Structure formats: C-alpha cells, structure tokens
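Novice:
2 protein chains.
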Amino acid sequence: IVSIKQVTKIYPMGKTQVQALNGVDLSIEKGEFLAIAGPSGSGKSTLLNLLGCLDVPTEGTVVIDGQDLAKLSEHARATLRRQKLGFIFQGFNLIPVLTAFENIEMPLRLKGENNPQRVWEALEAVGLKEHAQHRPAELSGGQQQRVAIARALVTDPLIVLADEPTANLDSKTGEAIIELMKKISLEKGTTFIFSTHDAKVMSKATRMVSLTDGRIEESIVH
Amino acid sequence: IVSIKQVTKIYPMGKTQVQALNGVDLSIEKGEFLAIAGPSGSGKSTLLNLLGCLDVPTEGTVVIDGQDLAKLSEHARATLRRQKLGFIFQGFNLIPVLTAFENIEMPLRLKGENNPQRVWEALEAVGLKEHAQHRPAELSGGQQQRVAIARALVTDPLIVLADEPTANLDSKTGEAIIELMKKISLEKGTTFIFSTHDAKVMSKATRMVSLTDGRIEESIVH
Ligand SMILES: Nc1ncnc2c1ncn2[C@@H]1O[C@H](COP(=O)(O)OP(=O)(O)OP(=O)(O)O)[C@@H](O)[C@H]1O
Ligand SMILES: Nc1ncnc2c1ncn2[C@@H]1O[C@H](COP(=O)(O)OP(=O)(O)OP(=O)(O)O)[C@@H](O)[C@H]1O
Ligand SMILES: [Mg+2]
Ligand SMILES: [Mg+2]
Numbered sequence: 009i010v011s012i013k014q015v016t017k018i019y020p021m022g023k024t025q026v027q028a029l030n031g032v033d034l035s036i037e038k039g040e041f042l043a044i045a046g047p048s049g050s051g052k053s054t055l056l057n058l059l060g061c062l063d064v065p066t067e068g069t070v071v072i073d074g075q076d077l078a079k080l081s082e083h084a085r086a087t088l089r090r091q092k093l094g095f096i097f098q099g100f101n102l103i104p105v106l107t108a109f110e111n112i113e114m115p116l117r118l119k120g121e122n123n124p125q126r127v128w129e130a131l132e133a134v135g136l137k138e139h140a141q142h143r144p145a146e147l148s149g150g151q152q153q154r155v156a157i158a159r160a161l162v163t164d165p166l167i168v169l170a171d172e173p174t175a176n177l178d179s180k181t182g183e184a185i186i187e188l189m190k191k192i193s194l195e196k197g198t199t200f201i202f203s204t205h206d207a208k209v210m211s212k213a214t215r216m217v218s219l220t221d222g223r224i225e226e227s228i229v230h
Numbered sequence: 009i010v011s012i013k014q015v016t017k018i019y020p021m022g023k024t025q026v027q028a029l030n031g032v033d034l035s036i037e038k039g040e041f042l043a044i045a046g047p048s049g050s051g052k053s054t055l056l057n058l059l060g061c062l063d064v065p066t067e068g069t070v071v072i073d074g075q076d077l078a079k080l081s082e083h084a085r086a087t088l089r090r091q092k093l094g095f096i097f098q099g100f101n102l103i104p105v106l107t108a109f110e111n112i113e114m115p116l117r118l119k120g121e122n123n124p125q126r127v128w129e130a131l132e133a134v135g136l137k138e139h140a141q142h143r144p145a146e147l148s149g150g151q152q153q154r155v156a157i158a159r160a161l162v163t164d165p166l167i168v169l170a171d172e173p174t175a176n177l178d179s180k181t182g183e184a185i186i187e188l189m190k191k192i193s194l195e196k197g198t199t200f201i202f203s204t205h206d207a208k209v210m211s212k213a214t215r216m217v218s219l220t221d222g223r224i225e226e227s228i229v230h
C-alpha cells in the first residue's frame, strides 16, 4: 500500500549537508503493523514524513495507495493526507488554544464531517473522557500524547504513521494503546507504521526494519 | 537536601479542580539518584516542578538546601534556581532561534559566566559535537532531548531535576546518558531526581518512589 524506491533525503545546512536517508527501499502491504527501529538520529522521523506525504525526497520515488507522489500537485497531496492518512507526531503538535476535544475533532472537520460521537469514542478509547475540555498546557505529557493518538485515529484512516507513540507513556498505558491499535488493524485492515524505541511495540509488530545512519539494515518478519 | 512536607497541588479548572498532588511527604539526601515512577497523569511532572522551585504548592512546605521556599521572594527563588538547580523538561523547552551550542550555553550566561570550553565538553558528553550549530528544528527528537540534557548539566548544579530524560532515546543512547549522570553523581555528589517510565533508569536509581493519583505509594531502596 506504500512503497518507496531508492529514496534519499539530504538537508542542506549552510556550507555542509546532512544525509538523513541514503538509498532506502521499502514496500509495505495493506494491514501491516510495521515497526521502524534505530538509534537517535538514524532517520526514522524523516522516513515517516516521506511515507506520510509530509515531505519530498531529494531522490527516489514514493507511491501511496497507487499514487506516485511526485506526479501530484500540492493540492492533491493535501487531499490524499486528509482522506487517507493519520499522523502521530513525535512532538504531538497539538493546537494550544484548542481543547482536547477540539484537537481530536479537527481532522474530521477538515474532511467536512461533523461527528461528535466519534470524538467521544476516541477520547474514551485513550482514557481521556474527563479531560475533554482541557487544553494541552493543562495536560500531562502522556495525556497530550494520548490526545495526539486519538486525533490520528478519529477519521478511520487507511494508513496511520506513528512517530514514537508510546515515548511518554508508562508501560501499562503504552501497552493498552498498542493493543488498541492492533485491534483496529485487525478489525478494519488499517496499516500502522511506527517509529519506536519501545521493545513492547516491536514485539507486537508483524514486521520490523532497522535504520542505521539513513540506511535500512534488516527486515525481520514475526 | 530537598524535603517536602504535606504538599498538595490543586489546579483550578473553571468550576472543577484537578488534585494533582495530595499530601505528599518526601525527603531526599544529597547525592541520591532518585527515580519517581507512576502512571501517566499521576503527578510526576507536578512533583518535579515543586521540588525544582518552578511552582508553588497549594499547601505544605518545600525546603531546598536549607531554604524554605515560602519565605523567599520571587527574586531569591530565581537566584536559587540559577545557582543550584538544573532542569530537563518533559518537552525539552529549547529556544528555537538558538543553536544547540547557544541553548546549552544559556544557563552559564545567566550566571554571568563565559566558558565555551564547558559547553563543548557538555556537547561531547551527549554525542552532539557535530550538531553544535544546528537549531532545534534541524535536530531529531532524541537529539533535542540530548541538548536539553547537556543544558541541565553545564553549570554543574547541586541538584538536577530530570523529567523523563530518556523518553525519546533508543536504549543504547539512553543507557549511556544514565551512566554519564551516575558518574557525575558519584564524582561530584550531584543529586539527581528523575521522573521516568524507563525500567533501565529505575534499575540504576539508588531509591525509587511510586506515585499514584497524586499520592506516594512506596519507597524502594536499592
Ligand atoms: N496546568 C494544569 N492545569 C490543570 N490540570 C493540570 C495542569 N497540569 C497538570 N494537570 C493535571 O494534573 C495531573 C498530574 O499531571 P502531571 O503532569 O504531574 O502528570 P505526570 O505524572 O507527569 O504524567 P505523564 O507521565 O503523562 O507526564 C494530570 O491529571 C493533569 O491533567
Ligand atoms: N530540518 C532538518 N535540517 C537539518 N538536519 C535535519 C533536519 N531534520 C533532521 N535532520 C537530521 O537528520 C538526521 C535524521 O533525523 P531524524 O529526525 O529522522 O532521526 P530519528 O531517527 O527520528 O531520531 P530520534 O530517534 O532522535 O527521533 C539527524 O542527524 C538530524 O540531525
Ligand atoms: Mg525522531
Ligand atoms: Mg509528566
């Protein structure tokens, strides 16, 4: 459902440049629960951004659900993201002036949908119903992370890209979240692509790839 | 070196209130390597903010290095923080317009010191020398976390308060960071107070307290 070929990403930095990804090939089937592991700075977030149509590679091709991203206009790419993808960002990226409820509702509204019931279901699923009216600054780190998770799931996307979704969660809460995602993936065929340092997340994955210095080292199928 | 008695923290939220901490007593000796564990939302960050003189309790007393915080003016509290404490915030809180070098240098400048050598040593210790001129947006999540860590250590503080310092680090990098902190604590007698979900950090602690719903449940000495 997502495939990237010979993808390279270089960030220009004044006189030098940072090679974040170097000739990466990766094919992901529909319904996979894929974990991307690797040391800090190895390129996981960069890879997720490319897989999630949030960034363009310096070289190589990215195809999502049959569409070659290089052939799409910026408008068509934005439509693809809104219709088919869900994101959990490493820094959460919640909107500070909106409540938890409003933050989670946002992707639905962007699709032109009005469905408060789905927002309440998402809040319930991540255990934050009593915190619906809190703004991010009034929430703990792990609560903010859970709002970001609920927001990614609320539109029932085809593919969810999750950048370290359990980094700020205790092991019990983190495990419950991964179980929830596993259940969604089995019931709805949703594809999950994680970047993670969490051994528990890796153990629940159907497959794991390792990134080191911008290169894929190995692919382990469970 | 830090002691809190019967500390309560209540956040008013419109018509309701959130009881983040409820009658907490805690005494911390100089040189301890203390881990505070507990589920998401249990009050760890709130407790660290009170122990680090960043916030005032609703009830109860906080004494740091012999000084009762309630008796100090805002100016005296700011001086105490600058002179004796180092912080690693859960969200890093780096200054976006400053480079890694400048972010780490900031606490030294706030003390009126000019010591680029110490900044380079701190960058080296967290493995980020080549990234000294990068700004936070040009760094990975774990690299930003390491800048935040270096910044907390650069002034050689009496007490370091670290809110989930390894959340965004792979296990090898995280372990190296905790080893570094252990070494500093043994060589310089620095007191480390962590909030953490990481079992590896907990295993290196000299003592661990568990927080649940704003109450301290148990104290385990290693
Ligand atoms: N500024 C605030 N206003 C209102 N409630 C708050 C505020 N800050 C924290 N809270 C609430 O206080 C409780 C404790 O929060 P705290 O951030 O201390 O938890 P934590 O243990 O650090 O959690 P995590 O592991 O998720 O970071 C939570 O229920 C949170 O929603
Ligand atoms: N906007 C940018 N400009 C310059 N360099 C960047 C930028 N974003 C990332 N990098 C660099 O690219 C490399 C890969 O970064 P990336 O964020 O993908 O790593 P990561 O595997 O997600 O790390 P972590 O586990 O710490 O989150 C790093 O060396 C980083 O410094
Ligand atoms: Mg990352
Ligand atoms: Mg916290």
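Protein chains in written order, with my numbering: chain A, 9 to 230; chain B, 9 to 230. Glycine residues also receive a C-beta, built at the ideal position from the N, C-alpha and C atoms. What you are looking at is a predicted structure, and each value in this text was computed from that prediction instead of being measured.
#1: Would you list, in sequence order, the uninterrupted beta strand (DSSP E) runs of no fewer than 3 residues that lie entirely inside the region 163-192 of chain B?
#2: Taking a Cβ distance cut-off of 9 Å, strictly less, list which residues of the region 142-156 of chain A are near chain B, in chain order.
#3: Across the region 209-221 of chain A and the region 17-33 of chain B, are there enough close Cβ pairs to call them in contact, namely three or more that are closer than 8 Å?
#4: How about G149 (chain A): is its Cβ closer than 6 Å to a heavy atom in ligand 6?
#5: Using DSSP bridges, identify the partner residues of L116 (chain A).
#6: Span of the beta strand (DSSP E) holding P20 (chain A)?
#7: Just to make sure I have the definition right: I need the residues of chain B whose C-beta is within less than 9 Å of the C-beta of Q125 (chain A). Which are they?
#8: Here's a check: name, in chain order, each residue in its chain whose Cβ is nearer than 8 Å to the Cβ of M210 (chain B), leaving out the five neighbours to either side.
#9: Let me confirm a value: R159 (chain A) is counted as buried when at least 16 other C-beta atoms fall within 10 Å, else exposed. Which label applies?
#10: For the beta strand (DSSP E) that N30 (chain B) lies in, which residues bound it at each end?
#11: What ranges does the beta strand (DSSP E) occupy inside the region 63-102 of chain B, keeping only unbroken runs of at least 3 residues that lie completely in it?
#12: Is it buried or exposed for A194 (chain A), if we count other Cβ within 10 angstroms and need 16 for buried?
#13: Does the beta-carbon distance from A130 (chain B) to L161 (chain B) come in below 7 Å?
#14: Would the beta-carbon of L88 (chain A) fall within 7 Å of that of A133 (chain A)?
#15: With distances taken from CA atoms, which of B:D206, B:S11, B:A207 is nearest V71 (chain B)?
#16: Beta carbon of Q152 (chain B): closer than 6 Å to some heavy atom of ligand 3?
#17: My guess is that V32 (chain A) and L55 (chain A) are in contact by the Cβ rule of under 8 Å, so how many angstroms apart are they, rounded?
#18: I want to verify the contact list: residues of chain B whose CB lies under 8 Å from the CB of N176 (chain A), in sequence order.
#19: Considering only the alpha carbon of each residue, which of A:E40, A:L29, A:L62 lies closest to H230 (chain A)?
#20: Any heavy atom of ligand 1 closer than 6 Å to the Cβ of K52 (chain B)?
#21: Based on Cα-Cα distance, which residue from B:Q151, B:I192, B:T163, B:I201 lies nearest to G182 (chain B)?
#22: Can we count A98 (chain B) as close to ligand 4, meaning its CB is less than 6 Å from some heavy atom?
Specialist: The short version:
#1: 167-171
#2: H142, E146, L147, S148, G149, G150, Q151, Q152, Q153, R154
#3: no
#4: Although ligand 6 was asked about, the structure shown includes only ligand 1, ligand 2, ligand 3 and ligand 4 as ligands.
#5: For L116 (chain A), which the question treats as bridged, DSSP gives no partner whatsoever.
#6: 10-21
#7: Those within 9 Å of Q125 (chain A) in chain B number zero; the least Cβ separation is about 24 Å.
#8: A43, A45, T204, M216
#9: Note on R159 (chain A): 16 or more other CB atoms within 10 angstroms of its CB, so buried under the neighbour-count rule.
#10: 24-36
#11: Counting whole runs of 3 or more residues, the region 63-102 of chain B contains the beta strand (DSSP E) stretches 67-72, 93-96.
#12: Sequence check: residue 194 (chain A) is Leu here, not Ala. L194 (chain A) should be labelled exposed.
#13: A130 (chain B) places its beta carbon less than 7 Å from that of L161 (chain B).
#14: no
#15: B:S11
#16: No - ligand 3 has no heavy atom lying nearer than 6 Å to the Cβ of Q152 (chain B).
#17: 7 Å
#18: The contacting residues are S48, Q98, E172, A175, H205.
#19: A:E40
#20: yes
#21: B:Q151
#22: Per the sequence presented here, residue 98 (chain B) reads as Gln, with Ala not at that position. Yes, ligand 4 has a heavy atom inside 6 Å of this Cβ.
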